[in-house]
Structure formats: structure tokens, C-alpha cells
Amino acid sequence: MSQAPQTPQYELTRLQSVDELRSIAAAWDELWWRSEGLFPTARAATVAQCAAQFAQGERVCALVVSRGDRLLAALPLVGARVKHVLPVGGLAGNAWTPAGDLLLDPDCDVPSVLDTLVSGVAGLPWPLVWLEAAMMDSARWIGLHEALGRAGLMSFVQDRFAVARCGIDRYWESYQRGRSRNLRRAMRRATRAAEQFGEIGFELHTPAATDKVNRLLRRGFEVEDSSWKGEAGSSVLSNPGMFDFFAHQAQQLATWGQLAVSLLTINGEAIAFEYALAAKGAYAPVKVGYDPRFSEVKPGQLLRWHLLRTLHTEGRWSGVDFVGPISHATARWSTTTYRLCRMVIAPPRFSSRLLLAGYRMAKYRGNVSETISEPALLAEDRSEPAFAATSAD
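The C-terminal position of the sequence shown is numbered 1207 in my numbering, with every residue numbered one higher than the one before it.
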């Protein structure tokens, strides 16, 4: 653990290993509870687990701003490679699972705290910082972008995709009426078709006992493996070590009361499955799958119908975050969207600025929607950056 330059009021610390991150887990998680981020995969234990699983042999460096014993901001970074070549520092999440986030206490002096956080960029060991999950509709990520500008650091923000969200309240009938007539009709037809096979059941599990987790996951991931994901080699069970990873993650989430597993069944046999994060009132599906033998009954969509009805009527949920790129399958259920962006930051070194300039030039040629921040531009224009949402159906 090393000390970095700091303001008289705040202290900036660099955590340089997974063990150092775990050593401050209690304070880190307390900051996560205060932060606006929803995913429990941004908590210390789950970030450390992802770093240990997916960034073996790579450097770890978390920037942490504190005042006394209270953490006010944190950004966990692990080594990664762009195009398998360029070393960068990024968040621990990947296509398997989200992990890591910008954590920020909304009640602190946000500009000063983020200025302190950004002061740590100069000491990072990578040519670029490459953040693939920047939620640029949120105050904390906008604040980080503005702090980079105040520090004179060159940065680049590019839209990746829009993500669907569904607000949850206790008025299921009202929400139903807000869905398209075609969707409601399709769900009635799917229900009738499923009833031809037998009795339809829906199970929403939020297990607190870790001894039940492995059995529940095995049941669900066998459904995923029977789908096209198994044939393509992208299912959890077709990748050695991944079931153990998710079992470990799920056990940790269950200990916190932040795991949800949904199953659609016919005559007790699971035909559709979702593995989801469940925290701060939000349900966020990470892994999904359905049995192709029942494709005519639209098992994935029928599960979603039963799930949303349950979430609306239970009274303890505030929304669903569909996590990945918006698609026809998620857009039809959504009530709003947000944008997920890539933020690339150049530490104050000539070689880093040159790399980012080259990347910017390549994206200009590709007509990619983007916002570029560098000292010269910021000196002329302090207006709010504009981002054009993109949709990946």
C-alpha cells in the first residue's frame, strides 16, 4: 500500500494487491452502500474474486480517497489487454460478469474528492486507463470526467450501447397495460402452448443459506448449457472452472442476501433460468438460458412475464437492470434506458497522450459518437458533453 500526493483535507491511497483490497473490505463496502451504484459485484470481495480469476499475473491498483477512517471515493483497476496487445488498466468485469465500479459518497464535496482521486492517475502503471463500463448518465461518472478536465488530463468518452431498465411498483395491472398489445397477446399464446406440456411453475429464489446455492446453480446452468450457448461453447458448464467461479460468487452474494435465481418450470422441470444480482431493490440478470426443446412456448419471455409480475407484487423491488446491450427481447419490457460508455484516460505522459490521440483519430474515421476532452478544448468550452445513445439489438 503506497501513499500518493494529497490535499490537506483528503488522503489518496493506492491499493496494489487483491489482499490489500480485501483488508479494507468493511470500509469499502460501507462506501458501496452509500454510492449510487447498484451491483454488489462492486463490493470488495467480489471485485477481488474477479481480479483473482480473470487477471491472473496482471497488476492490481485501486485508487481510494478517504478522510480519516471514512472512504469517500474508490476506483478499482486491474491489468488487461486491448486486442491482446496494449496493456491497460480497467475494471475487473468482463463478458462473464460485471465487476467493479466508480464508488463515490454523494454527500461529500464531490469536486474536491474526485480531484484527489484523479491526482492518482499519474502514478498508475499502465499506458492508458480503459474503463468499459462508464455510466455517463450518472452524476458520479460525469463528475469524474469533469475532474479529468480540471486536471488537464486527456480523456475520451465513446458510447458503447444503451441498457434497458424497468421500473417496478405495486401496480402490475397498470404496467401490463403499458406493454404493447402484441406482447400481451404473445404471452397469452405462450401460456396456452406451455399448458399443453403440463403445469407451469415459476420460482424466484433469494437463498440466504449457502448450502443450497450449488444445487440451485447446477439446475439453472444445466438449462443454459442445453441452449445454443452450450453448442457455441459459451455456456458456464462448457468452460472449465467457470461453474466454480459462479458458485463462489453466488455463495458470497447469498451470504449478503444479494443473490436471485429465477426458474420457469413445466411439471417441475426447469425450462428457463436467470442468475441475477439483487441489491438496493434492483434485480439485475447476469446469466440467462432456456431449454430449446420448449422454444415454441418462448420460455425466456414467459419467464420474464412471470418474474415481472412477481417483482411488482412483492413490494420489495424498485427496478430491473437488464445489464447488457438493449435488444428486442429487453426493450419490450423496459420503461427507460441508460447509456454505457467507454472512458479512456491518458496519464500525463507523452507516450500515453500519443496513444490516445491515435485511438481518437481511428474513431473519427469510423464516425463513432464520442466526446473528447483535452486541456485546449476544455479551456474554450466548459459546456456539458453530449452523448448520442446507441442501441445494439
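For each residue, glycine too, the CB sits at the ideal point set by N, CA and C.
Chain-order list of residues whose beta-carbon lies under 8 Å from that of residue i (same chain, five-residue window excluded)
i: A1093; result: L852, F853, P854, W1070 and Q1072
i: I838; result: L829, A858, V878 and L885
i: Q1066; result: A859, T860 and Q863
i: Y824; result: V879, S880, R881, L886, S926, V927 and T930
i: R873; result: Q830, V892, G893, G903, P939 and W940
i: G1044; result: E1038, L1051 and S1052
i: L1031; result: F1057, F1060, A1061, A1064, V1075 and Y1089
i: R979; result: G1133, V1134, D1135, F1136, S1148, T1149, T1150, T1151 and Y1152
i: W1042; result: P1106
Buried or exposed (CB count within 10 angstroms, at least 16 for buried), residue i
i: L829; result: buried
i: G1129; result: exposed
i: L1168; result: exposed
i: G1082; result: exposed
i: G1034; result: buried
i: V832; result: buried
i: F1164; result: exposed
i: M950; result: buried
i: D1025; result: exposed
i: T827; result: buried
i: D973; result: buried
i: R1002; result: exposed
i: T1185; result: Reliability of the predicted coordinates at T1185 is poor, the pLDDT of 45 falling under 50, and the value obtained from them is presented with this limitation in mind. Looking at its Cβ environment, which holds 16 or more other Cβ atoms inside 10 Å, T1185 is buried.
i: T1144; result: buried
i: G1172; result: exposed
i: A1096; result: buried
i: S1049; result: buried
i: A1046; result: exposed
Residue range of the alpha helix (DSSP H) that includes residue i
i: K1043; result: W1042 to A1046
i: V1211; result: Residue 1211 is absent from the model: the chain starts at 815 and stops at 1207.
i: A1064; result: M1056 to W1070
i: Q867; result: A858 to F868
i: S926; result: V924 to V932
Helix, strand or coil at residue i according to DSSP, with G and I counted as helix
i: V1075; result: strand
i: C980; result: strand
i: G826; result: According to the sequence provided, residue 826 is Leu. The question's Gly does not apply to it. In this structure, L826 counts as strand in the three-state DSSP scheme.
i: Q972; result: strand
i: F1011; result: coil
i: W1147; result: coil
i: L852; result: coil
i: G1114; result: helix
i: V832; result: helix
i: A953; result: helix
i: F1201; result: Model confidence at F1201 stands at a pLDDT of 22, short of 50, so the residue's coordinates are unreliable; what they give is reported in the following sentence. The answer is coil: DSSP assigns F1201 none of H, G, I, E or B.
i: Y985; result: coil
i: L917; result: strand
i: L1257; result: Here the chain has residues from 815 to 1207 only, and residue 1257 is not among them.
i: T911; result: coil
i: R1123; result: helix
i: G992; result: helix
i: G871; result: coil
i: A1023; result: coil
i: W846; result: helix
i: G966; result: coil
i: R1130; result: coil
i: A840; result: helix
Residues near residue i in its chain [Cβ-Cβ closer than 7 Å; skip 5 each side]
i: S1166; result: P941, L942 and A1160
i: V1137; result: P912, V977, A1098, P1099 and V1100
i: P901; result: G893, R895, W940 and P941
i: D983; result: H1126
i: A1008; result: I1014, I1080, V1111 and L1116
Residue i - containing beta strand (DSSP E), residue span
i: V1209; result: With the chain running from 815 to 1207 in the structure shown, residue 1209 is simply not present.
i: C875; result: V874 to R881
i: E1083; result: E1083 to A1093
i: L945; result: L942 to A948
Counterpart residues of residue i in DSSP-defined beta bridges
i: S1049; result: DSSP output for S1049 lists no bridge partner at all.
i: P901; result: R895
i: R1156; result: Q972
i: P1099; result: A1090
i: F1016; result: L1078
i: Y1104; result: A1086
Beta-carbon contacts of residue i that lie in its chain and below 6 Å, excluding the five residues immediately before and after
i: D915; result: G851 and A856
i: A841; result: L885
Residue i CB to nearest heavy atom of the ligand NAD below 7 Å
i: A1022; result: Inclusion of the ligand NAD in the displayed structure is not the case, the ligand content being empty and no account of it being possible.
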